Structure formats: C-alpha cells, structure tokens
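J.: For reference, each letter of the sequence shown is one residue, going 0 to 244 in numbering that gives the first Met the number 0.
Each residue gets a CB set at the ideal place from its N, CA and C atoms; glycine is no exception.
Being a predicted model, the structure only gives us computed values, none of them experimental.
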Amino acid sequence: MTSGGATGGAPELSIVIPVFNEGERVEPVLRALAASVRTPKEIIIVWDFDADSTRPVVERLGLELPDLRGHRNDLGRGVLNAMRAGIAVSRGSLVLISMADGSDEPDVVDPMVVLAREGAAVVSASRYMRGGRQVGGPPVKRLLSRVAGLTLHWFGGVGTHDPTNNFKLYRRDFLDSITIESEAGFELALELTVKATLAGRRVSEVPTTWRDRTAGESRFRLRQWLPHYLRWYLAALRGRIRMRR
Ligand SMILES: Nc1nc2c(ncn2[C@@H]2O[C@H](COP(=O)(O)OP(=O)(O)O)[C@@H](O)[C@H]2O)c(=O)[nH]1
Ligand SMILES: [Mg+2]
0 MTSGGATGGA PELSIVIPVF NEGERVEPVL RALAASVRTP KEIIIVWDFD ADSTRPVVER
60 LGLELPDLRG HRNDLGRGVL NAMRAGIAVS RGSLVLISMA DGSDEPDVVD PMVVLAREGA
120 AVVSASRYMR GGRQVGGPPV KRLLSRVAGL TLHWFGGVGT HDPTNNFKLY RRDFLDSITI
180 ESEAGFELAL ELTVKATLAG RRVSEVPTTW RDRTAGESRF RLRQWLPHYL RWYLAALRGR
240 IRMRR
C-alpha cells in the first residue's frame with residue numbers, strides 16, 4: 000500500500016483517529032491522549048467531509064497541541080476509508096489506530112510501542128486477556144467479538160485474545176508489506192491481525208479496558224459488517240489447517 004514510511008523529521012508514532020461529527024466530545028479525548036503518550040507522535044484526525052462538526056474543534060485545539068492535525072479523507076466516505084486515508088498520509092514508523100469517542104485507554108499506548116519496537120508487527124490493546132475489560136456495548140456485539148477472539152487465539156494460532164479491537168498498533172514495514180482488502184468498516188483490525196499471523200509475523204497484546212461511548216451514537220453496523228468479519232475469521236482457521244499439514 001502507499002505510505003510515506005518514516006521520513007526525515009517524522010515522529011516515531013502516528014496516531015490515526017477517524018471521526019464522524021464528534022463535535023466538542025473530542026476535546027477531552029484528544030487532551031488525554033496528548034498528555035498521556037510520551038512517544039514522539041503526530042495525531043491525525045480524519046473526517047469525511049468539510050462540514051464535520053469535529054473539524055472546528057480540532058482546528059482550535061491544534062493551535063495549542065502541536066502534534067495534532069486534521070485531514071479530510073479523500074478516498075470516499077466511511078470509517079474504513081478514513082482509516083486508510085489516515086494511514087496513507089501518516090509518517091511514523093509505527094501507526095496506531097484509535098477512536099475519538101473515549102473508548103480507548105491512552106495509558107496503554109506507550110507500553111504498546113515498546114512491544115512494536117521489539118518487533119511485533121501488530122500490537123493489540125486486548126480486552127479479553129487477563130487484566131483486560133470491556134465496559135458496556137451491545138451484548139450481541141460483545142459476545143461475538145469475545146468468542147471470535149478467544150477461538151482464534153486458542154485454535155487459530157493468533158497471538159492476541161482480541162483481534163477485533165481496532166485500537167491497535169502496526170509497524171509500518173508490516174503495513175507496507177500487505178494490501179488492505181477490507182471493504183466494509185471495522186473488520187480492518189481483524190484482517191491485519193490475521194494477515195500478520197499467516198505471514199509468520201509476531202502479534203502481541205497488552206491488557207486494556209474498553210468503554211462504550213457515553214455520548215453520541217455508535218455507527219457500528221453489526222449485521223452489515225458480520226459477513227466481512229467472517230471472511231477473515233475463516234481465512235485464519237483455513238490458514239492454520241494448511242500450516243499444520
Ligand atoms: N471518518 C469517519 N469516522 C467514523 C465513521 N463512523 C464512525 N466513525 C468514528 O469511528 C470511531 C468509533 O465509532 P463508533 O460509531 O463509536 O463505533 P463503535 O465504537 O464500534 O461503537 C469514532 O471515532 C467515530 O467518530 C465514519 O463514517 N467516518
Ligand atoms: Mg465507539
């Protein structure tokens with residue numbers, strides 16, 4: 000895929016955050032992130048259209064937080080395109096995807112960076128390992144994601160208990176080695192985790208607490224996206240069987 004890689008003067012870590020009309024809600028999230036993460040970083044907020052309500056808030060905060068900037072997704076609407084567009088314009092040798100709705104814990108970012116520096120292609124913030132937690136969220140989504148994660152960990156040789164959490168850190172050399180094939184939305188994290196596993200790359204994890212948003216509405220489309228998740232779930236299991244032969 001196209002991306003810059005770590006170029007002269009680029010910070011080590013790029014944090015890519017897709018947003019859809021988060022408005023003022025984004026401010027405490029971005030302040031917490033900027034204050035908690037010590038790794039030299041750029042924070043790229045990606046919206047789909049100029050009139051997004053998050054934009055003026057990011058532009059105002061950008062005057063104060065030098066690591067922060069906005070980017071308009073030019074690949075077409077939707078969270079998947081926003082993540083792809085953010086990755087494409089990011090410059091760090093490590094790329095973190097995180098959310099603007101306060102679901103992700105900023106304190107775990109630096110520990111994730113340590114594991115990526117040690118060579119992990121994918122570092123997952125993991126709700127389903129010892130010490131991890133998930134607070135709130137629709138029960139069916141919770142159950143499917145947990146069952147998928149645990150079965151892939153136990154039977155699919157996947158190095159994390161939580162391949163579906165999109166709060167993940169990727170090494171640039173890994174991202175450059177694959178082509179993103181996701182088509183719907185947040186199945187991206189599962190695709191990348193499965194591809195790293197099948198390529199024999201290391202997948203690591205750190206425990207985290209994930210909290211569902213307390214304001215605004217989730218745009219997660221469970222029924223619409225489920226077949227796309229299934230594709231990568233089955234790819235992991237099939238790949239495992241092939242490797243054992
Ligand atoms: N650019 C962009 N971001 C989106 C879109 N839908 C959701 N997001 C962002 O993706 C993150 C998680 O979204 P959310 O709807 O809460 O999904 P959930 O956490 O899985 O329930 C938030 O930062 C949203 O603002 C979209 O269509 N385009
Ligand atoms: Mg959310």
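Rounded to the nearest angstrom, how far is the Cβ of Phe173 from that of Ala120, given a contact under 8 angstroms?
T.: Here residue 173 corresponds to residue number 174 of the sequence shown, with the count starting at 1. Here residue 120 corresponds to residue number 121 of the sequence shown, with the count starting at 1. Contact holds; Cβ gap of about 4 angstroms.
J.: To the nearest angstrom, how far is it from the Cα of Gly22 to the Cα of Val28?
T.: What you label residue 22 is simply residue 23 of the sequence shown in a count that begins at 1. What you label residue 28 is simply residue 29 of the sequence shown in a count that begins at 1. About 11 angstroms.
J.: Are the beta-carbon atoms of Ser102 and Trp209 separated by less than 8 angstroms?
T.: The residue you call residue 102 lines up with position 103 of the sequence shown. The residue you call residue 209 lines up with position 210 of the sequence shown. Contact flag set, yes.
J.: Quick one: using the 10 Å Cβ neighbour count with 16 as the cut-off for buried, is Met242 buried or exposed?
T.: Against the sequence shown, residue 242 aligns to sequence position 243. Exposed.
J.: Val127 to Val15, Cα distance in whole Å?
T.: Walking along the sequence shown from the start, residue 127 turns up at place 128. Walking along the sequence shown from the start, residue 15 turns up at place 16. Before going on, a small fix: residue 127 reads as Tyr here, not Val. C-alpha separation (whole angstroms): 23 angstroms.
J.: Go through its chain and collect everything with a Cβ distance to Arg71's Cβ below 7 angstroms, but skip five positions before and after it.
T.: Sequence index remark: in the sequence shown, residue 71 carries index 72 (1-based). Within the same chain, Arg71 has close Cβ partners Trp46 and Asp49.
J.: Compute every distance between the C-beta of Arg59 and the non-hydrogen atoms of ligand 2, then say whether any falls below 7 angstroms.
T.: One-based indexing of the sequence shown puts residue 59 at position 60. Arg59: no, Cβ never under 7 angstroms from ligand 2.
J.: For my contact list, Ser181 and Glu190 are in at a C-beta cut-off of 8 angstroms; report their separation, rounded to the angstrom.
T.: Taking the sequence shown and counting its residues from 1, the one referred to as residue 181 is at position 182. Taking the sequence shown and counting its residues from 1, the one referred to as residue 190 is at position 191. Between Glu190 and Ser181 the Cβ distance is about 5 angstroms, and since that is below 8 angstroms, they are a contact.
J.: Only counting the same chain, and skipping five residues up and downstream in sequence, which positions put a Cβ closer than 8 angstroms to that of Val36?
T.: Counting from 1 along the sequence shown, the entry for residue 36 is found at position 37. Correct list, in chain order: Leu12, Ile14, Pro105, Val108 and Asp109.
J.: Check Glu190 in the structure and name its three-state DSSP category.
T.: As a position in the sequence shown, residue 190 is number 191, starting the count at 1. If DSSP states are grouped into helix, strand and coil, Glu190 belongs with the helices.
J.: Mind checking whether Ala188 and Pro162 have CB atoms under 8 angstroms apart?
T.: Here residue 188 refers to the residue found at position 189 of the sequence shown. Here residue 162 refers to the residue found at position 163 of the sequence shown. Taking 8 angstroms as the Cβ cut-off, Ala188 and Pro162 qualify as a contacting pair.
J.: Using the Cα positions of Val254 and Leu225, report the straight-line distance between them to the nearest angstrom.
T.: Examination of residue 254 is not possible in this model, given that the chain is present from 0 through 244 alone.
J.: May I ask you to report which of helix, strand or coil DSSP gives Ser176?
T.: In the sequence shown, residue 176 corresponds to position 177, counting from 1. Looking at Ser176 - three-state DSSP - the assignment turns out to be helix.
J.: Tell me whether the beta-carbon of Val157 lies closer than 8 angstroms to the beta-carbon of Thr196.
T.: As a first step, residue 157 must be located in the sequence shown, where it is residue number 158. As a first step, residue 196 must be located in the sequence shown, where it is residue number 197. Contact flag set, yes.
J.: Should Val78 be counted as a contact of ligand 4 given a C-beta to heavy atom distance under 7 angstroms?
T.: The model on display carries ligand 1 and ligand 2 but not ligand 4.
J.: Does DSSP put Arg132 in a helix, a strand or coil?
T.: By 1-based counting over the sequence shown, the position of residue 132 is 133. Three-state result, Arg132: strand.
J.: Going by DSSP, name the residue or residues bridged to Ala9.
T.: In the sequence shown, counting from the first residue as 1, residue 9 sits at position 10. In DSSP, Ala9 forms no bridge with anything.
J.: Between Glu41 and the rest of its own chain, which residues show a CB-CB distance below 6 angstroms, the 5 nearest in sequence each way excluded?
T.: The residue given as residue 41 occupies position 42 in the sequence shown. Cβ neighbours of Glu41 beyond the five flanking positions: Pro10, Ser13 and Asp66.
J.: Among the candidates Leu32, Arg83, Gly131 and Phe185, whose CA atom is the shortest distance from the CA of Ser217?
T.: Numbered from its first residue, the sequence shown carries residue 217 at position 218. Per the Cα distances, Phe185.
J.: Have a look at Arg116, Arg76, Val25 and Gly77 and flag the residue whose alpha-carbon is nearest the alpha-carbon of Gly91.
T.: For the purposes of this step, residue 91 is taken as residue 92 along the sequence shown, with counting starting at 1. For Gly91, the nearest C-alpha among the options comes from Arg116.
J.: I need the DSSP call for Glu23, collapsed to helix, strand or coil.
T.: The residue you call residue 23 lines up with position 24 of the sequence shown. Helix at Glu23.
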